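Engineer: Here's a structure for you.
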Amino acid sequence: MFTTFTEIHESLANYRWFQDTVDIALVYYICYRLLLIIKGTRAFQMLLGIGLIVIVFVASQALEFYTLDWLIHSFWSQIVIAAVILFQPEIRRALAQMGERRFFRSLSPVESSKFIEEIVKASVSMANKRIGALLVLERETDLTTIVEMGTNLDARVSKEILTSIFLPYSPIHDGATIIRNGRITSAGCFLPLTLSPNIAKTLGTRHRAAVGLTEETDAVVVVVSEETGEISVVINGVIEPNLDAPKLRTTISDLFARQKQERRT
């Protein structure tokens, strides 16, 4: 017991209050952000699997299971390469999130409500006319490094402008429209397609692009199907299909209201 108290006393005596506190805080913040990024993704399940391997590795050494210990050692030598391959989407997402934007930073509650209403009206109108559309609502993650080159715009979000962009004879209808801070910033953008084998084969390129983007960023994507006229919202790689106007309005409002609440806390 005396030795333990002595060691604690020596550790506290050598503790650099400013440098070590900042160091610990930075490590905590980085780990916290990484967990937020992979939360709800396949990478989180992979991380649990790696944690299980670590437990088995420690147990094999303690119990002197030499063959199992050798096998895990052989695997562990390749873990860095395996991690880069397995966590590639999450690594890209983390790098993209190093630069953050505040989606509604310049919008009042009234402006936010009007903005969402224009999104809903445009989506329902295009769904009724079987006009395919891909609307990307940027949130915290800066999409500049994600989307391919499109046509730069700077226009207020309105039903008329959005509909005109996605009309079949429009030169920029075949791509995604990016909406940032309540304004249309670009159109005709190409998004990364998902490689997930879990996507239904009946879904087209628009849905695959929406899933691919939201797997790597926190963007919200509204998809209008040209074939079925169905409206879907995609967030975190998950498709919420078959939305009508009230459901679409509620879904978008709840997502951004939740984001504002998390930012306050």
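To convert, note that position 16 of the sequence shown is 22 in the working numbering; the numbers rise steadily by one, no gaps. Backbone N, C-alpha and C define an ideal beta-carbon position, used for all residues, glycine too. Predicted model, so just to flag it, every value in this text is computed and none were measured.
Which class does Asp250 belong to by DSSP, given the choice of helix, strand or coil?
Structural biologist: coil
Engineer: Can you tell me whether His213 is buried or exposed, with buried defined as 16 or more other CB within 10 angstroms of its CB?
Structural biologist: buried
Engineer: Should Leu197 go down as buried or exposed, given a rule of 16 or more other Cβ atoms within 10 Å for buried?
Structural biologist: buried
Engineer: Please state the DSSP three-state secondary structure of Val239.
Structural biologist: Collapsing the DSSP output to three states places Val239 in a strand.
Engineer: Could you tell me the distance, in whole angstroms, from the CA atom of Glu70 to the CA atom of Ile56?
Structural biologist: Cα-Cα distance, rounded: 21 Å.
Engineer: Between which residues of its own chain and Ser170 is the CB-CB distance below 8 Å, once the five residues before and five after are set aside?
Structural biologist: If you ignore the 5 residues before and after Ser170, its C-beta comes within less than 8 Å of the C-beta of Ser176, all in its own chain and listed in chain order.
Engineer: In the DSSP output, which residue or residues are listed as bridge partners for Thr183?
Structural biologist: Leu141
Engineer: Less than 9 Å between the C-beta atoms of Val244 and Val229, yes or no?
Structural biologist: no
Engineer: Grab the span of the alpha helix (DSSP H) containing Ile167 for me, first residue to last.
Structural biologist: 165-172 is the extent of the alpha helix (DSSP H) around Ile167.
Engineer: Assign Ile205 to one of three DSSP states: helix, strand, or coil.
Structural biologist: coil
Engineer: Can you say whether Ser80 is buried or exposed, counting buried as having 16 or more other CB atoms within 10 angstroms of its CB?
Structural biologist: exposed
Engineer: So does the segment 211-225 actually touch the segment 121-134, counting three or more Cβ pairs closer than 8 Å?
Structural biologist: no
Engineer: Within this structure, are the beta carbons of Leu143 and Val226 separated by less than 9 Å?
Structural biologist: Yes.
Engineer: Mind checking Phe24: buried by the 16 CB within 10 Å criterion, or exposed?
Structural biologist: exposed
Engineer: Considering only DSSP beta bridges, list what Leu190 is partnered with.
Structural biologist: One point to set straight first is that residue 190 is Ile, not Leu, in the sequence displayed. Its beta-bridge partners are Ala161, Ile185.
Engineer: How many angstroms separate the CA atom of Asp180 from the CA atom of Ala263?
Structural biologist: 31 Å
Engineer: Express the C-alpha separation of Gly218 and Asn204 in angstroms, rounding to a whole number.
Structural biologist: Roughly 12 Å between the two C-alpha positions.
Engineer: Could you check the C-alpha separation between Glu106 and Arg145 for me, to the nearest Å?
Structural biologist: Because the pLDDT at Glu106 is just 48, under 50, the model does not fix this residue reliably, and the value given afterwards should be weighed accordingly. About 8 Å.
Engineer: From Arg162 to Ile190, what does the alpha carbon distance come to, in whole angstroms?
Structural biologist: 6 Å
Engineer: Would you mind working out which of Lys135, Asp160, Pro174, Gly188 sits nearest Glu236, comparing C-alpha positions?
Structural biologist: Lys135
Engineer: Can you name, in chain order, every residue of its own chain whose Cβ lies under 8 Å from the Cβ of Gly156, other than the five neighbours on each side?
Structural biologist: Ile178, Gly181, Ala182, Ile184, Ser192, Ala193, Gly194, Cys195, Phe196
Engineer: Is it buried or exposed, Ile137, if we count other Cβ atoms within 10 angstroms and call 16 or more buried?
Structural biologist: buried
Engineer: Nearest to Ser231 by CA position, among Asn242, Ile241, Pro247, is which residue?
Structural biologist: Pro247
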